[in-house]
Amino acid sequence: MNVERPKIALFLCECSTNISNFIDLPAVADWAESTKDFCFVEVSNLLCSPDGKKHFAEKLMEHKPDGIIVAACSPKLHEKTFQDIAEEVGINMSRVQMANIRENVSWVTKDKKKATEKAKAMIKAALQRVILAEDLEKVTMEAIPDVLIIGGGIAGIEAALTASKAGRKVYLVEKDVSLGGSVIKTEEVAPNMECSPCLLAPRLSEIRDDPNITVLASSEITDVLGFYGNFLVKVRKKARYVEESCIGCEACFDVCPVTVKSEFHLGLGNRKAIYALFPGSVPASAVIDSDLCKHFIDNSCDACVPACPFGSINFDEKDEELEINVGALVVATGSKDGDVSNFAELGYKTIKNVYTLPEFERLASSNGPFGGKIQLRNGEQPLSIAVIHCAGSLREDGIPYCSGTCCVDAIKVGELVRKQIPAAKVFNVHNDLVFVGPKENAFYRKQVKDGTQFIKCSDLKTIQIIEKGDKIRIDGKGFKSIKVDMVILSTGLEPASGTNELADMLNIDLGKDGFFKADHDLLNETGSVLEGVYVAGCSAGPCNVATSVTRARSAVGDIISKLIPGREIELEILTSVIDEEKCGACKLCISVCPYKAISFDEEKNISIVTEAICRGCGTCVASCPSGAAKAKHFTDDQIYAEIGGLLYE
Amino acid sequence: MNNFEPKIVAFTCNWCSYAGADKAGMMKLKYSADVKLIRVMCTGRVDTQFVMTAFREGADGVMILGCHPGDCHYRTGNVKALKRYKLLKKTLVQFGINDKRLKLDWVAAGEAELFQKVVNEMAETVKELGPLHLTGNVEQGGK
Numbered sequence: 133m134n135v136e137r138p139k140i141a142l143f144l145c146e147c148s149t150n151i152s153n154f155i156d157l158p159a160v161a162d163w164a165e166s167t168k169d170f171c172f173v174e175v176s177n178l179l180c181s182p183d184g185k186k187h188f189a190e191k192l193m194e195h196k197p198d199g200i201i202v203a204a205c206s207p208k209l210h211e212k213t214f215q216d217i218a219e220e221v222g223i224n225m226s227r228v229q230m231a232n233i234r235e236n237v238s239w240v241t242k243d244k245k246k247a248t249e250k251a252k253a254m255i256k257a258a259l260q261r262v263i264l265a266e267d268l269e270k271v272t273m274e275a276i277p278d279v280l281i282i283g284g285g286i287a288g289i290e291a292a293l294t295a296s297k298a299g300r301k302v303y304l305v306e307k308d309v310s311l312g313g314s315v316i317k318t319e320e321v322a323p324n325m326e327c328s329p330c331l332l333a334p335r336l337s338e339i340r341d342d343p344n345i346t347v348l349a350s351s352e353i354t355d356v357l358g359f360y361g362n363f364l365v366k367v368r369k370k371a372r373y374v375e376e377s378c379i380g381c382e383a384c385f386d387v388c389p390v391t392v393k394s395e396f397h398l399g400l401g402n403r404k405a406i407y408a409l410f411p412g413s414v415p416a417s418a419v420i421d422s423d424l425c426k427h428f429i430d431n432s433c434d435a436c437v438p439a440c441p442f443g444s445i446n447f448d449e450k451d452e453e454l455e456i457n458v459g460a461l462v463v464a465t466g467s468k469d470g471d472v473s474n475f476a477e478l479g480y481k482t483i484k485n486v487y488t489l490p491e492f493e494r495l496a497s498s499n500g501p502f503g504g505k506i507q508l509r510n511g512e513q514p515l516s517i518a519v520i521h522c523a524g525s526l527r528e529d530g531i532p533y534c535s536g537t538c539c540v541d542a543i544k545v546g547e548l549v550r551k552q553i554p555a556a557k558v559f560n561v562h563n564d565l566v567f568v569g570p571k572e573n574a575f576y577r578k579q580v581k582d583g584t585q586f587i588k589c590s591d592l593k594t595i596q597i598i599e600k601g602d603k604i605r606i607d608g609k610g611f612k613s614i615k616v617d618m619v620i621l622s623t624g625l626e627p628a629s630g631t632n633e634l635a636d637m638l639n640i641d642l643g644k645d646g647f648f649k650a651d652h653d654l655l656n657e658t659g660s661v662l663e664g665v666y667v668a669g670c671s672a673g674p675c676n677v678a679t680s681v682t683r684a685r686s687a688v689g690d691i692i693s694k695l696i697p698g699r700e701i702e703l704e705i706l707t708s709v710i711d712e713e714k715c716g717a718c719k720l721c722i723s724v725c726p727y728k729a730i731s732f733d734e735e736k737n738i739s740i741v742t743e744a745i746c747r748g749c750g751t752c753v754a755s756c757p758s759g760a761a762k763a764k765h766f767t768d769d770q771i772y773a774e775i776g777g778l779l780y781e
Numbered sequence: 110m111n112n113f114e115p116k117i118v119a120f121t122c123n124w125c126s127y128a129g130a131d132k133a134g135m136m137k138l139k140y141s142a143d144v145k146l147i148r149v150m151c152t153g154r155v156d157t158q159f160v161m162t163a164f165r166e167g168a169d170g171v172m173i174l175g176c177h178p179g180d181c182h183y184r185t186g187n188v189k190a191l192k193r194y195k196l197l198k199k200t201l202v203q204f205g206i207n208d209k210r211l212k213l214d215w216v217a218a219g220e221a222e223l224f225q226k227v228v229n230e231m232a233e234t235v236k237e238l239g240p241l242h243l244t245g246n247v248e249q250g251g252k
């Protein structure tokens with residue numbers, strides 16, 4: 133049988149003089165001709181220029197080669213350029229092989245003779261490899277343009293509204309009983325001192341009235357299956373025992389006999405067993421805490437039932453398991469306030485008028501336990517207040533990093549206190565001060581001018597907070613002790629609880645500080661390591677309100693620019709595949725795949741790659757003991773051939 | 110003077126080390142022409158057989174260059190490469206191959222100088238070791 137040799141064309145690019153000055157290209161061409169391996173050999177100049185590309189296309193049409201070697205620059209620069217031209221003239225992209233004789237040879241080799249020899253070896257390797265090329269196909273897939281957002285704080289709210297404005301269906305999943313996150317627990321946002329409830333109220337109403345947005349409060353993600361463009365998200369919606377007909381009139385609150393500390397008020401105020409977080413919440417309906425409600429404990433109370441003007445109480449409600457299909461997910465689970473109870477010297481929980489900054493925010497909030505009145509435990513107003521910066525932060529036994537957002541909130545204390553108690557003295561005890569941008573810095577200077585005393589402590593770990601009768605004394609290195617009525621510990625931000633579990637469920641990574649890791653810190657801050665899963669707000673790392681909102685919009689912006697109704701998304705071309713015949717069912721590939729792209733077909737007893745998830749790293753191929761897994765365009769045979777070519781003499 | 114010109118094959122991942130080599134090129138950082146690169150998408154793709162094949166086909170040294178741990182474009186491919194490398198280093202000795210002939214290192218896309226340094230050091234090391242003479246099993250391709 134007469135097997136025809138494949139026709140291979142070799143283009144040698146001079147790249148102006150970038151290659152030709154350092155490699156003897158005519159000698160390479162002569163050598164190539166002498167090997168009889170090529171149907172066409174040519175030294176040309178600037179193949180990537182418009183004229184060069186035209187020439188390249190003409191030569192391909194003329195010679196109709198089975199393989200094309202472009203000995204020129206890095207494939208990372210122009211492989212696609214030449215592949216696209218090949219495709220245009222009807223030659224599969226896989227048939228274009230670059231030999232990087234510029235970055236890898238001409239620019240880095242002193243000796244022209246050695247450079248010329250190295251170029252030949254690389255061309256030989258490219259030749260051996262391209263002969264084995266198999267066609268690659270562009271694969272597209274229908275995608276669901278809808279979005280599921282995890283977390284209903286300001287980032288999740290903004291993400292939902294942005295996606296809805298693009299006409300997408302949005303599912304907003306919130307663990308708590310209503311939306312608002314941490315921002316709704318504050319009164320004003322520094323440095324502009326914007327009223328927080330006023331920022332959120334119109335957005336909450338907008339969400340409530342938006343038919344595109346489904347709010348799933350009291351709900352948690354239980355599983356995430358599928359892939360970019362086609363996720364299946366399982367959500368558990370807990371029974372609230374109050375139907376949606378409830379408008380939040382609060383008539384039931386008065387009659388409920390059970391009173392407990394309110395989580396919303398961080399334990400500073402109370403709530404009933406039937407409760408809502410604040411008037412105007414979304415959802416508006418109240419919720420019954422079945423762990424506390426006497427109906428559920430011993431069936432001894434139904435007081436809320438007759439009190440409700442809408443007949444909304446329904447003790448028979450059950451948890452619901454929902455399955456939702458979306459194309460993309462946005463994680464906006466926020467952060468958790470740093471815990472300072474381990475630091476005995478700070479007096480938190482042991483000295484009665486020592487508060488954390490988030491607790492102070494509750495005291496100062498109009499939706500707080502005392503209607504916004506800043507007061508001591510005995511109800512009197514404090515006349516002197518000390519704020520301790522970096523409490524529990526910048527230390528290995530606490531939060532090791534700087535959250536970068538607490539300083540501006542810590543100096544806000546003076547601003548809020550003086551509004552209510554003009555004569556009050558405010559001290560901010562700090563080591564470093566971190567302010568971002570001119571507005572925050574101007575706010576700091578205003579506080580200095582308005583009377584806040586900034587006291588520099590040379591080592592915040594030396595701070596001792598000691599109860600002295602009705603007063604609290606603060607000692608520390610580098611400053612004279614002060615006595616005050618109230619101490620506020622400025623705590624940093626930690627990853628939200630449940631972050632690890634969620635990361636596992638989504639199969640995305642966490643950074644070293646425990647927040648969700650960005651795909652790229654500079655270029656893609658709101659992308660995660662997995663396509664189609666985004667991170668916004670503080671879940672991507674501590675940030676202020678403006679950045680939270682910007683991240684949310686950025687994430688959704690990326691989603692709506694890629695998942696467009698009616699347009700299919702392009703999948704990774706260089707995926708792995710598993711040969712059914714060769715698979716030995718050892719499942720090693722499943723254990724090494726970083727994307728969980730491989731599943732096991734119990735019926736056929738083989739592993740199967742879901743190509744829509746596979747990113748083409750080839751780790752499964754390297755681990756497959758039976759040679760069943762194959763990396764497209766980087767097959768074992770191609771790489772063996774390349775090795776052989778490179779070492780050929 | 111030692112005139113031996115070793116043959117060294119370096120498997121480099123597309124995202125970090127190959128990009129680092131490209132940057133070395135752009136910066137015109139000269140390095141030994143004895144080192145020749147094979148681009149793979151991820152060091153996780155580097156089968157131990159690739160290394161053995163390279164030795165069998167005449168390489169005097171083999172390098173595996175990838176992203177720093179934590180920076181892998183595919184999350185953890187480099188960590189898998191490291192595991193295989195550690196095992197392979199031990200196996201090489203049993204095949205009579207000095208384990209200095211195999212080197213894994215991390216080179217980021219921006220680390221052009223580091224790329225230059227690690228490949229030149231490897232070229233020196235292998236030059237000192239001299240040509241690889243295979244015996245027995247490896248030479249016969251394990252057959």
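From first to last, the protein sequence lines are chains A and B.
In terms of our numbering, the first sequence is residues 133 to 781.
In terms of our numbering, the second sequence is residues 110 to 252.
Where is the CB? At the ideal position from N, CA and C, for every residue including glycine.
Looking at the DSSP output, W215 of chain B bridges to B:G175. Within the segment 153-166 of chain B, G153, R154, V155, D156, F159, T162, A163, E166 place their CB atoms closer than 7 angstroms to a CB of chain A, listed in sequence order. Between the segment 657-664 of chain A and the segment 257-265 of chain A there are fewer than three C-beta pairs closer than 8 angstroms, too few to call the two in contact. Annotation: T488 of chain A is outside any alpha helix (DSSP H); the continuous beta strand (DSSP E) that includes it extends over 486-488.
G630 of chain A: not part of any alpha helix (DSSP H); DSSP gives it neither H nor E. Residue state for T152 of chain B is assigned as helix, using DSSP reduced to three classes. Listed in chain order, the positions of the segment 184-205 of chain B with a beta carbon within less than 9 angstroms of a beta carbon of chain A are R184, T185, G186, K189, A190, R193. The beta-carbon of K609 of chain A is placed no less than 8 angstroms from the nearest beta-carbon of chain B. At a beta-carbon threshold of 7 angstroms, the residues of chain A lying near A168 of chain B are L779, ordered along the chain. Under the rule that a run must span 3 or more residues, the beta strand (DSSP E) segments found entirely inside the segment 286-370 of chain A read 302-305, 345-348, 351-359, 362-369.
Remark: fewer than three beta-carbon pairs, one from each stretch, lie closer than 8 angstroms, so the segment 224-238 of chain B and the segment 190-204 of chain B are not flagged as touching. Within 10 angstroms of the beta-carbon of G569 of chain A lie fewer than 16 other beta-carbons, which makes it exposed.
Contact of S206 of chain A with chain B by beta-carbon distance below 7 angstroms involves D131. In chain order, T162 make up the part of chain B whose C-beta sits under 7 angstroms from the C-beta of Y772 of chain A. Between the beta-carbon of A130 of chain B and that of C176 of chain B there is about 13 angstroms, and that puts the pair past the 8 angstroms contact cut. As summarised for the segment 663-734 of chain A, the continuous beta strand (DSSP E) elements at least 3 residues long and confined to that stretch are 665-667, 708-710, 730-733, given in chain order. Around I173 of chain B, no beta-carbon contact reaches into chain A at under 8 angstroms, the shortest distance being about 11 angstroms. Proximity of chain A to C151 of chain B at the Cβ level (cut-off 7 angstroms) is accounted for by C749, G750, T751, in chain order.
The closest CA to that of D162 of chain A, considering only A:E249, A:K719, A:S350, A:I587, is found on A:E249.
Around the beta carbon of S238 of chain A, a 10 Å sphere encloses 16 or more other beta carbons of the protein chains shown; the residue is thus reported as buried. In this structure V392 of chain A does not touch V305 of chain A by the C-beta definition: roughly 25 angstroms separates them, more than the 8 angstroms allowed. For the 8 angstroms CB-CB criterion, V240 of chain A and G134 of chain B form a contact.
A distance of 8 angstroms or more separates the beta carbons of A383 of chain A and A322 of chain A. Taking one beta carbon from each stretch, the segment 470-482 of chain A and the segment 405-414 of chain A have fewer than 3 pairs nearer than 8 angstroms; the two do not touch. Residues of the segment 243-269 of chain A that bring their beta carbon within less than 8 angstroms of a beta carbon in chain B comprise D243, K246, A247, E249, K250, A253, M254, A257, in sequence order. In the DSSP assignment, A119 of chain B forms a beta bridge with B:L146, B:M172. For L625 of chain A, the beta-bridge partners assigned by DSSP are A:D469.
Using a Cβ distance threshold of 8 angstroms, E211 of chain A and L548 of chain A do not count as a contacting pair. In the DSSP annotation of this structure, S755 of chain A is not part of any beta strand (DSSP E); the continuous alpha helix (DSSP H) holding it starts and ends at 751-755.
Residue-level contact check: G776 of chain A touches chain B, since one or more beta carbons of chain B fall below 8 angstroms from its beta carbon. By the neighbour-count criterion, in which 16 or more other beta carbons inside 10 Å mark a residue as buried, Q770 of chain A falls on the buried side. Interface annotation, L241 of chain B: not in contact with chain A, CB-CB separation never under 8 angstroms.
Within chain B, G134 have C-beta atoms less than 8 angstroms from the C-beta of R234 of chain A, given in sequence order. 8 angstroms or more divides the Cβ of F363 of chain A from the Cβ of G299 of chain A. For N457 of chain A, the enclosing beta strand (DSSP E) has its first and last residue at 452-458.
Three or more beta-carbon pairs separated by less than 8 angstroms link the segment 671-678 of chain A to the segment 525-539 of chain A, which places the two stretches in contact.
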